[in-house]
Every structure is written in structure tokens, then in C-alpha cells.
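Asks:
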Amino acid sequence: MKNKFLAIMLTAGCLCQFLSSSTLDAASIRETPLVRAVKRAQTAVVNIHTEKSAEESNSVFGTTNRGKINGMGTGIVIDERGYLVTNNHVIAGVDSLEVSLHDGSRYSAHVVTFDREHDLAIIKVDGNPKLDVMEIGTSSDLMLGETVIAVGNAFGYVHTVTSGIISSLSRDVEVNEEQQYKNLIQTDASINPGNSGGPLLNLDGEVIGINVAIRAGAQRIGFAIPIDDARELIAKLMSVEVLEKMYHGLTTRCVHSGGGHELIVDRVKSGSPADKAGMKPGDVIVRMGTVGINDGVDLERSLLGVRSTDSVPVTIVRNETEQQLSLTLERLQKGQFVHGVESPKDQTEPVVYSQAGAWDVLGLKLVELAETSKSRVSPRYRGGMQVTNVRPGSPAASNGIKRGDILVGLHVWETVNEENISYVLDHPQLETFSPLKFFILRNGETLYGHLSLKNIPKTASR
767 MKNKFLAIML TAGCLCQFLS SSTLDAASIR ETPLVRAVKR AQTAVVNIHT EKSAEESNSV
827 FGTTNRGKIN GMGTGIVIDE RGYLVTNNHV IAGVDSLEVS LHDGSRYSAH VVTFDREHDL
887 AIIKVDGNPK LDVMEIGTSS DLMLGETVIA VGNAFGYVHT VTSGIISSLS RDVEVNEEQQ
947 YKNLIQTDAS INPGNSGGPL LNLDGEVIGI NVAIRAGAQR IGFAIPIDDA RELIAKLMSV
1007 EVLEKMYHGL TTRCVHSGGG HELIVDRVKS GSPADKAGMK PGDVIVRMGT VGINDGVDLE
1067 RSLLGVRSTD SVPVTIVRNE TEQQLSLTLE RLQKGQFVHG VESPKDQTEP VVYSQAGAWD
1127 VLGLKLVELA ETSKSRVSPR YRGGMQVTNV RPGSPAASNG IKRGDILVGL HVWETVNEEN
1187 ISYVLDHPQL ETFSPLKFFI LRNGETLYGH LSLKNIPKTA SR
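In C-alpha cells:
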């Protein structure tokens, strides 16, 4: 009897071990490379929810009704401080932005910079949450038939995952008269409305494209911007020259090498901070501050928040030998533009500049008045910055500033352009200006008030 009981126990133990082993085997079989790729990337994908105003005329009564249109899109985290890249058409003309993360948390966000021609934009999540950053791959070695994955806010269904293959490369697509794309990746992975701005992933969980368009009336024909094309544009949009009016003097290029990327110095402007630091053409930039450098995006984001008094340690490789240097950024002087970063002249429409400082400190989104619109400004002023959005609960909102107002002055200075705004908000004595006097034009009348600056972020323009 005792031996019989022992045999039963041994049989049961073997059965449990077999079932446990079978369960593990089944789980490992189910966790395919595609599943692992999604797991690796999904926390760096952000769902974007937008709202914009729409006017509808009533021809019978001669009135105009103002309504709201909700929009959607997707963003890719490119910096842990909350910087995302998405499509410009996702955020163009919106009144408000909100993002939802993979864990379900929601935050307001604001537009930082954008590029209409190439349909890319940088937005920043408010509240400074620490986010997971997307791994960036390369589009230089893509293969026809290669498996790819799209993740995004499809039709508002957040974090929708679809898969397919690369159907073709180097496609040129004309969406309309105003928007044309060059050199796109074509895929049969389902890319639906709301996927715009989201990642097209490879099986390593790296982004190899930014989803942009679907072909109306066609099934399983979608397109994405190759990441190697996008990374140069993203670096320009994230440039410290554009966002913070700081200057390093480097021209670089990213090369794909040994399964990874390297950032090589092409040119060093004479007399620039990089020149003073001892950097030379041919140097490979390995690290800038605490950030490992693989491309121009890493270089620019590593310098965001760095002041002109800060010394940044730089690790380079020169002639196969690692060297340590020290870089100190300088502020751009008025009228000084480098690497093609320049305010357009004689524009026929408003230009939106880097707006993080005005949004974070004052609660205002501003655009410079176009030349054709300056006739609306009083002869007493040379121009102004038009208010396109006011953040609820901000100093501007608390003092009654409204969308459509024209900001013509802060403290004792005029606000004709973005440089004027930056001068005031970056002033070393800004805190002593509080409450900050402002002057606006509304319906041809000059109004003024005072903005409390009690809670100025220490890195307001970041």
C-alpha cells in the first residue's frame, strides 16, 4: 500500500512538471519576435488627442456658429523629458493638445516647432513626466518583404498594433496640392486615421519609419517617412539654435556603422564654441554630457537646458583614440543665424516659432504678425505677436488675455517678434519684473495688465 501511494505521488509530480514545462513551452512559442518587438517599443508610443475650432455660417440669419472638432494622432518619444515627434498635420491649427501614455495617464501638451514642408513637428508633454525613449533604427538596409509593425491611435483606439511587410521603397506620393512626400516606405500594415505620426517598427522594436499617409480607396497601402530622412529634420527641429537661441558651431553627419550609428563632425565654424573646445572635422562624438551620441537628435537634445555659463564634458574619438573635451555654448547674437536656421523674410503668413518659454511661463501661444496683417496694428506700434492659444489657469488666462489679442509689449520692451519675447523671458533679472506688465491690442484699443511670475520654471524654455 505504501509503495502504491509513493507511485501515485511520483506520477502526480511528473505530471505537474510536464504540465509546467508544456505551459512554458507554449508561452515561449507564442512570444514571437513580433510580440517582443511590440513589448520593447510600446511604452515609447504616445496617443495624441486634439481639439480645434470650426466656424459654420448660417446664411439665413447671417450668423456664425463656433464649434469644436476633435482630432487624433500618434507621437514617438525622442527625449525622456517629454519631447515627441509627430506629423505636422496632426497638430496644425489645433487649439489644445492632450496625450495619453501607455499606462493610461493623460497630460496636456504644446507645440514646440514644426516643418510644414516635410510634415514633421515636435511637441512637448506638460508636467515633466519621465518617459521611455524610442529606440531608433535605420532605414538604409530595409528589404522588400521584411516584416514591419505599426503602432498608433487608429480611429481613436489607443495603442493599436498592426503588422505587414515592406511592399516597396522610394515612393513619391502627392496627397494634395499643398502636401507632397518623397522617398516614402510603402507597407501593407494597416495604417488608419489616427496612426499619423506613429512608428513603423522592425522586428528589433526599433522605429524605421514615421507613418504619414494612407491611400484613399485602397486597401493595405500605407506610407511612412524613412527614419534616416526624418532624423536629420528632427535634429534641426530640436536644435538648441531654434529652441533656445544657443550656438555650438558644429555641422555633423550620421553614418550607419557596424550595426549602429556614429555622429561624425563634418565642419567646425571658426571661432565657434566647438572650435574653442578643440573639436575638429573627422571627430566621432561619443558622449555629450550624460547622453550617449548616435545621431544629430542625440546631440541637440543633450544640449537642451544647458546655459551659456555651463561647461559640458564631451567624449570624442580622434584617430582611434578617445579624448575628453569641454564645450561651453554661446547665445546667438541678434541677426546671427547658422546652419540655415533663419526666420523667413517677407512671409505671407504667420510663422510659428519655438514657443515653449511663452507657453510655460505666461501661458501664451504666439505667432508673429505677417507683413500683410500689420496694417491692423495701431500706428503707435511697429507690429506685435498674435495670441493663438491661452493655457487655462495660466497667468495670461487669469489676467483676461484672449485668443486673437495682439501682444505689443512686455515690461518696457516691444514684442514685435520672437526674439523680443525670448529677450524678456531669458532676462537674468526676470524675477524682479514680477508682476510683469503687458500691453495688448484688442479691437484697436490698447489694454494693459500685470502677470504674476511667482512660479517661473527654472528651465522655462525647455
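The opening position of the sequence shown corresponds to residue 767 in this note's numbering, with each subsequent residue numbered one higher. Ideal placement from N, C-alpha and C gives every residue a C-beta, glycine not left out.
1) For G1159, count neighbouring Cβ atoms within 10 angstroms of its own Cβ and tell me buried if that reaches 16, exposed if not.
2) For a test of the three-state rule: what should DSSP assign to H1193, helix, strand or coil?
3) Relative to the C-alpha of N1060, which residue among L1070, C1020 and G1044 is closest?
4) For M909, does the count of other Cβ atoms within 10 angstroms reach 16, so buried, or fall short, so exposed?
5) Residues in its own chain within less than 6 Å of Y947 by CB, not counting five upstream and five downstream?
6) If you draw a straight line from the alpha carbon of Y849 to that of Y1013, how long is it in whole angstroms?
7) Which word fits T1075, buried or exposed, when buried means at least 16 other C-beta atoms lie within 10 angstroms of its C-beta?
8) Taking 7 Å as the limit between beta carbons, can you name the residues of its chain near V924, skipping five residues before and five after?
9) Per DSSP, which residues does F1204 bridge with? Please list them.
10) Helix, strand or coil for V804 per DSSP?
11) Less than 7 Å between the C-beta atoms of A916 and I980, yes or no?
12) Could you pull out every residue in the same chain whose Cβ sits closer than 8 Å to the Cβ of A1124, ignoring the five residues on either side in sequence?
13) Closest to L969 by CA distance: which of E1007, V1153, Q808 and V1182 is it?
14) Nearest-angstrom Cα distance between R986 and A955?
15) Please give the ranges of any beta strand (DSSP E) in the stretch 835 to 861, keeping only runs that are unbroken, at least 3 residues long and fully inside the region.
16) Are the CB atoms of I1172 and G1150 within a distance shorter than 7 Å?
17) Give a yes or no on whether the minimum CB-CB distance between K1035 and chain B is below 7 Å.
18) Apart from the five residues just before and just after P992, which ones in its own chain have a Cβ nearer than 7 Å to its Cβ?
19) Which residue marks the beginning of the alpha helix (DSSP H) containing V1006, and which one marks its end?
20) Nearest by alpha-carbon distance to S1218: which of R1169, P1161, H1193 and T1212 is it?
21) If you pair each beta-carbon of the stretch 1001 to 1009 with each one of the stretch 871 to 881, do three or more pairs fall below 8 Å?
22) Quick one: what's T1017 bridged to in DSSP?
23) Alpha carbon to alpha carbon, how far is V973 from I1030? Give it in angstroms, no decimals.
24) Between V1153 and R1169, is the Cβ-Cβ spacing less than 7 Å?
25) Of the choices E1184, Q945, R1084 and L897, whose alpha-carbon is the least far from that of R872?
26) Buried or exposed for S1023, please, with buried defined as at least 16 other CB atoms from any protein chain shown within 10 angstroms of its CB.
27) List the whole-angstrom C-beta distance separating T840 from V801, where the pair is believed to meet the contact cut-off of C-beta under 8 Å.
28) Using a Cβ-Cβ cut-off of 7 Å (strictly less than) and excluding sequence neighbours within five positions of M900, which residues of its own chain qualify?
29) Grouping DSSP H, G and I as helix and E and B as strand, with all else coil, what is P965?
30) If I measure Cβ to Cβ from D994 and keep anything under 7 Å in the same chain, skipping five residues before and after, which residues do I get?
31) Using a Cβ-Cβ cutoff of less than 7 Å, which residues in the same chain neighbour L1213 once the five nearest sequence positions on both sides are dropped?
32) Excluding the five sequence neighbours on either side, which residues of its own chain have a C-beta within less than 7 Å of the C-beta of G1026, listed in chain order?
33) In terms of alpha-carbon separation, which member of E912, G1071 and V856 lies closest to N961?
34) Can you tell which of H1193, L1196, D1049 and R1157 has the C-alpha that lies nearest to the C-alpha of V860?
35) Do you know offhand how far H1216's Cα is from R1073's?
36) Using the C-alpha atoms, what's the distance from E1096 back to K1035?
Replies: The structure says:
1) Around the beta-carbon of G1159, fewer than 16 other beta-carbon atoms lie within 10 Å, marking it exposed.
2) H1193 falls in the coil class under three-state DSSP.
3) Nearest C-alpha to N1060: C1020.
4) Looking at its Cβ environment, which holds fewer than 16 other Cβ atoms inside 10 Å, M909 is exposed.
5) So the qualifying residues of the chain are V939.
6) Between Y849 and Y1013, the C-alpha separation is close to 20 Å.
7) Of the residues assessed, T1075 falls on the exposed side of the cut-off, its CB having fewer than 16 other CB atoms within 10 angstroms.
8) Once the five neighbours on either side are set aside, the close Cβ partners of V924 are N813 and S866.
9) Per DSSP, L1176 and G1215.
10) Note: V804 maps to helix in three-state DSSP.
11) Contact: no.
12) Excluding its 5 nearest sequence neighbours in each direction, A1124 has C-beta neighbours in its own chain below 8 Å: L1130, K1131, L1132, I1187 and L1191, listed in chain order.
13) Of the listed residues, the one whose Cα sits closest to L969 is Q808.
14) Between R986 and A955, the C-alpha separation is close to 6 Å.
15) Counting whole runs of 3 or more residues, the stretch 835 to 861 contains the beta strand (DSSP E) stretches 849 to 852.
16) Less than 7 Å separates the beta-carbon of G1150 from that of I1172.
17) Annotation note: the requested chain B is absent from the structure, which comprises a single protein chain.
18) S905, N949, I951 and G975.
19) Unbroken alpha helix (DSSP H) run through V1006: V1006 to E1010.
20) Nearest of R1169, P1161, H1193 and T1212 to S1218, Cα basis: P1161.
21) Yes, since at least three Cβ pairs between the stretch 1001 to 1009 and the stretch 871 to 881 fall closer than 8 Å, the two stretches touch.
22) Under DSSP, T1017 shares a beta bridge with R1033.
23) Put simply, the backbone Cα of I1030 is about 22 Å away from that of V973.
24) Yes, these two residues count as a Cβ contact at 7 Å.
25) Of the listed residues, the one whose Cα sits closest to R872 is L897.
26) Exposed: under 16 other Cβ atoms inside 10 Å.
27) T840 to V801, Cβ: 20 Å. No contact.
28) Cβ within range, chain order: A807, A810, I842, V843, I844, P965 and V973.
29) Annotated three-state conformation of P965 is strand, per DSSP.
30) Same-chain partners within the cutoff: T904, S905 and S906.
31) The answer, listed in chain order, is I1206.
32) Sequence-distant partners of G1026 (beyond 5 residues in either direction) whose C-beta falls short of 7 Å from its own C-beta, in its chain, are N1060.
33) That would be V856, whose Cα lies nearest to the Cα of N961.
34) Of H1193, L1196, D1049 and R1157, the residue nearest in Cα terms is R1157.
35) Spanning the two alpha carbons is a distance of roughly 28 Å.
36) Straight through space, the alpha carbons of E1096 and K1035 are spaced by roughly 13 Å.
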